[in-house]
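Note sheet for the following structure.
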Amino acid sequence: MRAVLTVIGKDRVGIIAGVSQKLAALQVNIVDVTQTIMQENFTMMMMCDLPEKADFAGIKESLNSVGETLGVQIRIQREDIFTAMHEI
Amino acid sequence: MQTNQILETMRMIDEENLDIRTITMGISLLDCIDADSDRACTKIYNKVTTKAKDLVKIAETIETEYGIPIIHKRISVTPISIIAAATPDTDYVKFAQVLDKAARAVGVNFIGGFTALAQKGYQKGDRILINSIPEALAVTDYVCSSVNVGSSKAGINMDAVRDMGEIVKQTAAKSTLGPAKLVVFANAVEDNPFMAGAFHGVGEADVVINVGISGPGVVKRALEKVKGQPFDVVAETVKKTAFKITRVGQMVGKLASEQLQVPFGIVDLSLAPTPKVGDSVARILEEMGLEQVGTHGTTAALALLNDAVKKGGVMACNQVGGLSGAFIPVSEDEGMIAGVRSGSLNLEKLEAMTAVCSVGLDMIAIPGDTPATTIAAMIADEAAIGMINNKTTAVRVIPAKGKKVGDQVEFGGLLGTSPVMAVNPASSADFIGRGGHIPAPIHSFKN
Numbered sequence: 011m012r013a014v015l016t017v018i019g020k021d022r023v024g025i026i027a028g029v030s031q032k033l034a035a036l037q038v039n040i041v042d043v044t045q046t047i048m049q050e051n052f053t054m055m056m057m058c059d060l061p062e063k064a065d066f067a068g069i070k071e072s073l074n075s076v077g078e079t080l081g082v083q084i085r086i087q088r089e090d091i092f093t094a095m096h097e098i
Numbered sequence: 010m011q012t013n014q015i016l017e018t019m020r021m022i023d024e025e026n027l028d029i030r031t032i033t034m035g036i037s038l039l040d041c042i043d044a045d046s047d048r049a050c051t052k053i054y055n056k057v058t059t060k061a062k063d064l065v066k067i068a069e070t071i072e073t074e075y076g077i078p079i080i081h082k083r084i085s086v087t088p089i090s091i092i093a094a095a096t097p098d099t100d101y102v103k104f105a106q107v108l109d110k111a112a113r114a115v116g117v118n119f120i121g122g123f124t125a126l127a128q129k130g131y132q133k134g135d136r137i138l139i140n141s142i143p144e145a146l147a148v149t150d151y152v153c154s155s156v157n158v159g160s161s162k163a164g165i166n167m168d169a170v171r172d173m174g175e176i177v178k179q180t181a182a183k184s185t186l187g188p189a190k191l192v193v194f195a196n197a198v199e200d201n202p203f204m205a206g207a208f209h210g211v212g213e214a215d216v217v218i219n220v221g222i223s224g225p226g227v228v229k230r231a232l233e234k235v236k237g238q239p240f241d242v243v244a245e246t247v248k249k250t251a252f253k254i255t256r257v258g259q260m261v262g263k264l265a266s267e268q269l270q271v272p273f274g275i276v277d278l279s280l281a282p283t284p285k286v287g288d289s290v291a292r293i294l295e296e297m298g299l300e301q302v303g304t305h306g307t308t309a310a311l312a313l314l315n316d317a318v319k320k321g322g323v324m325a326c327n328q329v330g331g332l333s334g335a336f337i338p339v340s341e342d343e344g345m346i347a348g349v350r351s352g353s354l355n356l357e358k359l360e361a362m363t364a365v366c367s368v369g370l371d372m373i374a375i376p377g378d379t380p381a382t383t384i385a386a387m388i389a390d391e392a393a394i395g396m397i398n399n400k401t402t403a404v405r406v407i408p409a410k411g412k413k414v415g416d417q418v419e420f421g422g423l424l425g426t427s428p429v430m431a432v433n434p435a436s437s438a439d440f441i442g443r444g445g446h447i448p449a450p451i452h453s454f455k456n
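Residue numbers (this note's numbering), protein chains in the order written: chain A, 11 to 98; chain B, 10 to 456.
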């Protein structure tokens with residue numbers, strides 16, 4: 011299943027490394043990445059591929075704890091909510 | 010997928026309070042009818058707890074995976090006045106209690122359908138149900154009740170109007186929150202997912218999933234970007250925003266229906282406020298250029314909003330239903346409360362507003378000593394607006410025990426806070442005392 015992962019927070023060393031290491035450990039494949047600094051905020055979006063029957067709630071929780079360690083907000087949502095809203 | 014679109018969706022949810030107000034499972038109880046009321050209650054409990062077993066769990070999974078809050082999970086059932094009429098019972102409180110127990114067991118927020126449809130006259134069950142309402146709402150936590158007293162096709166049952174004035178008073182005497190769970194309708198709809206008026210119509214499928222969306226904050230924010238521009242632009246902006254909001258409702262409804270293996274009924278395109286700042290319908294009207302809701306121009310602003318929401322939403326989903334429009338409950342809307350406090354918004358203006366939006370006089374606290382006949386006359390006025398304009402109207406007023414105009418009433422949670430509003434002191438007693446039936450309007454004869 012496809013999901014959009016967003017990371018927003020104060021820029022520091024090791025955000026991308028920390029997030030992608032965790033994703034690898036969770037067997038989540040990164041399909042696409044964009045990253046920018048918006049209004050002094052580190053803003054990264056990743057399109058991810060989760061294994062079929064993945065434990066979504068579990069993945070969400072592990073990412074939350076990584077976010078706490080890195081001092082950023084990590085959000086993961088299934089892709090469909092964005093396509094439903096913005097594509098006909 | 011573009012970055013700014015992803016951020017827009019996230020901002021709507023995080024900052025502008027976009028949410029799915031409710032996933033409501035409609036359940037038919039027609040196959041639970043039994044001449045023995047204990048047996049009927051057992052069948053009702055078993056059916057509701059079987060069909061809705063996974064409702065809350067699946068709704069919570071959707072929330073987690075898609076990141077969209079689903080505020081309420083609810084159930085609506087076939088009007089109990091029909092189900093219970095087969096029994097010799099002379100009191101239906103038992104049925105309300107079994108609904109309450111079933112709601113508690115499956116973990117939903119409300120169960121609606123302690124309902125009577127009496128627009129043309131009373132069948133035996135209607136009268137018994139109506140008389141059971143005050144007690145039923147006092148002894149249950151989750152049950153919501155509604156009575157339909159009029160329709161464009163049938164006219165207005167003025168006996169029911171008179172009786173409901175009394176019942177609202179009696180309900181208030183028995184419990185503070187009771188009247189907040191009771192709504193009196195004209196042109197009640199059979200697939201409404203919103204409370205207190207949800208019930209599962211007899212023409213509906215056995216089980217169905219209906220979704221009610223929300224998001225006044227999103228519309229308000231969108232209008233902030235078109236300040237000072239003509240109304241054509243305002244209408245277009247509301248339409249586009251409503252489209253986006255409704256697409257999320259459609260997606261959530263479809264997911265819930267697939268996962269629960271229950272047919273998807275409708276999306277109710279409503280802007281439903283909450284007492285939270287940034288989640289107010291009144292503030293949208295003010296954003297259009299009114300200093301305070303209730304002033305001259307409010308009705309026109311609401312008419313535009315209501316219509317544009319429908320136009321945007323109807324393109325976004327397969328089937329639209331329910332009440333679909335803007336809700337204007339006073340106690341549940343921070344901007345409406347401010348309007349009442351400042352003296353700008355009064356009952357008369359609210360009545361005018363109900364002629365152009367999707368509901369009626371909703372969540373309004375009135376002095377505790379308001380006569381039952383005055384409440385009945387308020388119901389008659391709203392029913393007349395609904396009957397003539399072919400729309401749903403409703404009355405959900407709360408006579409606040411021992412309170413005077415200007416006092417505060419706290420309902421808590423989504424039901425909010427309300428200042429007690431002034432009612433016209435002149436008597437309507439002789440008008441209500443007549444009873445009988447107001448005939449259907451001439452434009453009802455369309456065959």
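Built from N, CA and C at the ideal position, the CB exists for glycine as well. Note that this is a predicted model, so its numbers are computed, not measured.
Note on geometry: alpha-carbon atoms of B/Leu16 and B/Asn140 lie some 53 Å from one another. The beta carbons of B/Leu313 and B/Phe240 sit about 6 Å from each other, so the pair counts as a contact at 8 Å. Around the CB of B/Leu39, fewer than 16 other CB atoms lie within 10 Å, so the residue is classed as exposed. Following the DSSP letters along the chain, one finds B/Pro428 inside the beta strand (DSSP E) bounded by residues Thr426 to Pro428. Restricted to the stretch 293-369 of chain B, the alpha helix (DSSP H) segments that are unbroken, complete and at least 4 residues in length are 307-323, 343-351 and 356-363, listed in chain order. In its chain, beyond the 5 residues on either side, Gly377 have a beta carbon closer than 6 Å to the beta carbon of B/Lys410. Taking C-alpha positions only, A/Asn39 is separated from A/Arg12 by approximately 10 Å. For A/Ala64, the nearest beta carbon of chain B is not closer than 8 Å to its own beta carbon. Our two residues, A/Leu33 and B/Asp288, have alpha carbons roughly 36 Å apart in a direct line.
Interface with chain A (8 Å Cβ-Cβ cutoff): B/Gln417 is excluded. Between B/Leu126 and B/Pro88, the C-beta spacing is below 8 Å. A check of alpha carbon separations from B/Arg405 across B/Gly444, B/Ala309, B/Ile80 and B/Gly187 identifies B/Gly187 as the nearest. Counting along the chain, no beta strand (DSSP E) covers B/Asn196, and no H or E run does either.
Interface criterion met: the Cβ of B/Val257 is under 8 Å from a Cβ in chain A. Taking 8 Å as the Cβ-Cβ cut-off, the stretch 233-244 of chain B has no residue approaching chain A.
Contact between the stretch 146-156 of chain B and the stretch 112-128 of chain B is established, with three or more Cβ pairs separated by less than 8 Å. For B/Lys253, the chain A residues whose C-beta falls within less than 7 Å of its own C-beta are Met95, listed in chain order.
Using a 10 angstroms sphere on the CB of B/Gly221, the tally of other CB atoms reaches 16 or more, which defines it as buried. B/Gly395 is not a Cβ neighbour of B/Leu354, given a cutoff of 8 Å. Close to A/Lys70, with beta-carbon spacing below 7 Å, are these residues of chain B in chain order: Thr73.
Check the Cα spacing between B/Met430 and each of B/Cys50, B/Val102 and B/Ser340: the tightest is with B/Ser340. For B/Gln14, the chain A residues whose C-beta falls within less than 7 Å of its own C-beta are Phe92 and His96, listed in chain order.
Here B/Asn166 carries a strand assignment [DSSP, helix/strand/coil]. DSSP, reduced to helix, strand and coil, places B/Pro225 within a helical segment of the structure shown.
The Cβ atoms of B/Val257 and B/Ile218 do not sit closer than 8 Å to each other.
The Cβ-Cβ distance between B/Thr379 and B/Val318 does not fall below 8 Å.
Bounds of the alpha helix (DSSP H) holding B/Ile441 are Ala438 to Gly442. Distance from the CA of B/Gly226 to the CA of B/Glu343, rounded to the nearest whole angstrom, comes to 12 Å. Here the alpha carbon of A/Glu89 sits roughly 8 Å from the alpha carbon of B/Tyr75.
For A/Met55, the neighbours in chain B by C-beta distance under 8 Å run, in chain order, Thr12 and Ile15.
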